[in-house]
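Chemist: Please see the structure below; I have some questions.
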Amino acid sequence: MLYQYIACSESGEIVKGKLTAISEEAIAEMLGIAGYRLINLRPFIPFLSLGKLTAQLFPVKPNEVIMLFRQLALLLESGVNIVTSLELMQEQITNRTLKKVISDVVSDIRAGNQLSAAMSRHPDVFPVLACRSLSIGEQTGSLETMLRQVSDYMEKEIITKKGIKGALMYPAIALVVTAIVVGVLMFFVIPAFAGFYADLGAELPSITQMMLDLSNILRDNAFIIMLVILIIVGLAFIYFRTTDGKYNLDKIMLRIPQLGRVKHLNELARCSRSISLLYTAGLPLTEIMPLVVQGCSNRVMAQALFGVQSEMLKGEGLAKPMSKNKLFLPMMVQMVKVGEETGNLDASLQAVANNYEAEAQDKTKSLIAMIQPTMTIVIAGIVGVIALSMVSAMYSMYGQAF
């Protein structure tokens, strides 16, 4: 859930912003770890404004942010200062929202802010994890390197999301086509045959009579059926917009056969990659975990990570708390344990991310290969049964006539 907060830094500076977390307690803990004292916190309720309307009409795509980071790294390596680099890119950007965001970033930098701080004012465009990584890059003098690493990280995120969308696209289209075909048959084709059969007055096979009865029920109660469907969909939509609904939806997504396994592996890979990126940049685990929790898209996984974070702050390390939750697979727990013992936690987690990404991609390909023939058989079966009911009636009447 997105929260709007007001906090006070150790120097007395008042800061305002927005953060996404699973609870208000998580927000308070994240701010506390970052050195801020929470003053006010409430759920963020967006209101319509020209700037937000523009952002909704012209959303910034992750690919555009990746391109921005790569070009910025190239210009900085060439010796161009950061303000000039951003202004050069702003002239080439066609997305109105991103152009306005870059303009705001340039203004903030001219006012004395760092690039990461200026970008963090636009969390809808620049991920919090990316901004924190860039902040480390600024402190260590390796901003160009960090820009490239963040770009690679975001690119892998896109590939992961495309894999899941690809697996869901075919069945979604197939279901829509099936619904249209069945609707046409039930509401138009079968009623036409019903009149023909009635004129002949012949006795119909049970399967044909069943289809005719089903067609009549659907036609006579079409309005009520549509109303019930709309009410169910509306209530489901409202419920899944609530905090509990979102959590339960994420839980369901992890339990769907085959697809849930792919989603689970992708979440573990993303978690491992995020920790590895920030740990490589030099950030301590106490600051890394709140960022990883905040950046987690699955609320069940976010809650599990929050539990790991709480145990870790008690001095139990990372591997031990993970071993208590079944969401973290044994291989990941073992690799984290080895990484902690050898001091190569970033390399161990990167290896985990690569392994789970490869496994998720293989399972996605297998899932797509399995879904396509399955959906074809299902569609053919539904249409075939309807067609058979009509044809069997014709053969039955032909037999009765002779």
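Residue numbers (this note's numbering): 349 to 750. Glycine included, C-beta positions come from ideal geometry on N, C-alpha and C.
1. Return the residue from the list 592, 673, 701 and 666 that minimises the CA-CA distance to residue 685.
2. Taking its Cβ as the centre, do 16 or more other Cβ atoms sit within 10 Å of residue 636, making it buried, or is it exposed?
3. In terms of alpha-carbon separation, which member of 511, 629 and 414 lies closest to residue 487?
4. Distance, Cα to Cα, residue 735 vs residue 534?
5. Only counting the same chain, and skipping five residues up and downstream in sequence, which positions put a Cβ closer than 6 Å to that of residue 367?
6. In or out: residue 652 buried (at least 16 other Cβ within 10 Å) or exposed?
7. Could you please give me the residues that DSSP links to residue 351 through a beta bridge?
8. Nearest by alpha-carbon distance to residue 560: which of 469, 738 and 587 is it?
9. Spatial neighbours of residue 492 within its chain, please: C-beta separation below 7 Å, excluding the five flanking residues on both sides.
10. Given a cut-off of 9 Å, decide if residue 617 and residue 701 are closer than it, judged by their beta-carbon atoms.
11. Could you give the DSSP three-state label for residue 386: helix, strand or coil?
12. By a C-beta neighbour count over all protein chains shown, 10 Å radius and 16 as the cutoff for buried, is residue 442 buried or exposed?
13. In angstroms with no decimal places, state the Cα-to-Cα distance between residue 659 and residue 448.
14. Could you check which residue in 743, 599 and 615 has the C-alpha nearest to that of residue 506?
15. Secondary structure at residue 714, three-state DSSP: helix, strand or coil?
16. Is the separation between the beta-carbon of residue 477 and that of residue 655 shorter than 9 Å?
17. Mark residue 705 as exposed unless 16 or more other C-beta atoms lie within 10 angstroms of its C-beta, in which case mark it buried.
18. Among the residues of its own chain, which have a CB less than 6 Å from the CB of residue 397, if the five just before and after it don't count?
19. Closest by CA to residue 529, which one among 743, 742 and 732?
20. Comparing alpha-carbon positions, which option in 566, 454, 513 and 419 lies nearest residue 435?
21. Just how far apart, CA to CA, sit residue 490 and residue 502?
22. Taking C-alpha atoms, which residue in 485, 511 and 364 lies nearest to residue 712?
23. Tell me which residues share the same chain as residue 673 and place their Cβ nearer than 8 Å to its Cβ, disregarding the 5 neighbours each side in the sequence.
24. Work out the CA separation of residue 621 and residue 649 for me, nearest whole Å.
25. Keeping to the same chain, check which residues put their C-beta closer than 6 Å to that of residue 743; ignore five residues upstream and five downstream.
26. Name the two residues that bound the continuous alpha helix (DSSP H) containing residue 612.
Modeler: If we stick to the structure as given:
1. Sequence index remark: in the sequence shown, residue 685 carries index 337 (1-based). Nearest option by C-alpha distance: 666.
2. Position 288 of the sequence shown, counted from the start, is the residue given in the question as residue 636. Taking all protein chains in view, the Cβ of residue 636 is crowded by 16 or more other Cβ atoms within 10 Å, so the residue is classified as buried.
3. Indexing the sequence shown from 1 puts residue 487 at position 139. Taking each of 511, 629 and 414 in turn and checking the Cα distance to residue 487, the smallest one comes out for 629.
4. Walking along the sequence shown from the start, residue 735 turns up at place 387. Walking along the sequence shown from the start, residue 534 turns up at place 186. If I take the Cα positions, the gap works out to 11 Å.
5. In the sequence shown, counting from the first residue as 1, residue 367 sits at position 19. These residues qualify, in order along the chain: 351 and 375.
6. On the sequence shown, position 304 is the one that residue 652 refers to. Classification of residue 652: buried, given that the 10 Å Cβ count is 16 or more.
7. Taking the sequence shown and counting its residues from 1, the one referred to as residue 351 is at position 3. DSSP output for residue 351 lists 367 and 391 as bridge partner(s).
8. For the purposes of this step, residue 560 is taken as the residue at position 212 of the sequence shown. Checked all of 469, 738 and 587; the closest Cα to residue 560 is 738.
9. Here residue 492 refers to the residue found at position 144 when the sequence shown is read from its first residue. Hits under 7 Å: 421, 424 and 425.
10. To locate residue 701, count along the sequence shown from 1; it is residue 353. To locate residue 617, count along the sequence shown from 1; it is residue 269. It is a contact, given that the beta carbons lie within the stated cut-off.
11. Position 38 of the sequence shown, counted from the start, is the residue given in the question as residue 386. Reduced to three states, the DSSP call for residue 386 is strand.
12. Within the sequence shown, residue 442 is the residue found at index 94, counting from 1. Residue 442 comes out exposed.
13. Translated into positions along the sequence shown, residue 659 becomes position 311. Translated into positions along the sequence shown, residue 448 becomes position 100. Using only the alpha carbons, I get a separation of about 42 Å.
14. Position 158 of the sequence shown, counted from the first residue, corresponds to residue 506. Of the candidates 743, 599 and 615, the one whose C-alpha sits nearest the C-alpha of residue 506 is 615.
15. One-based indexing of the sequence shown puts residue 714 at position 366. Here residue 714 sits in helix by DSSP.
16. Within the sequence shown, residue 477 is the residue found at index 129, counting from 1. Within the sequence shown, residue 655 is the residue found at index 307, counting from 1. Between residue 477 and residue 655, the gap from beta carbon to beta carbon reaches 9 Å or more.
17. Here the question's residue 705 lines up with position 357 in the sequence shown. So residue 705 counts as buried.
18. As a first step, residue 397 is located in the sequence shown; it is residue number 49 there, counting from the start. At residue 397 the pLDDT is 46, less than 50, meaning the model places this residue with poor confidence; the figure from the coordinates comes in the next sentence. Closer than 6 Å at Cβ, skipping near neighbours: no residue.
19. Translated into positions along the sequence shown, residue 529 becomes position 181. Ranking the options by Cα distance to residue 529, first place goes to 732.
20. Within the sequence shown, residue 435 is the residue found at index 87, counting from 1. The candidate whose alpha carbon is nearest that of residue 435 is 454.
21. Counted from its first residue, the sequence shown places residue 490 at position 142. Counted from its first residue, the sequence shown places residue 502 at position 154. Their backbone Cα atoms lie some 18 Å apart in a straight line.
22. Here residue 712 refers to the residue found at position 364 when the sequence shown is read from its first residue. Selection 485, 511 and 364 evaluated against residue 712 yields 511 as nearest (Cα-Cα).
23. The residue labelled residue 673 in the question sits at position 325 within the sequence shown. So the qualifying residues of the chain are 652, 655 and 656.
24. In the sequence shown, the residue the question calls residue 649 occupies position 301. In the sequence shown, the residue the question calls residue 621 occupies position 273. Going by the C-alpha atoms only, they are around 15 Å apart.
25. Within the sequence shown, residue 743 is the residue found at index 395, counting from 1. There are no such residues.
26. Taking the sequence shown and counting its residues from 1, one reaches residue 612 at position 264. Annotation: the continuous alpha helix (DSSP H) that includes residue 612 extends over 607 to 629.
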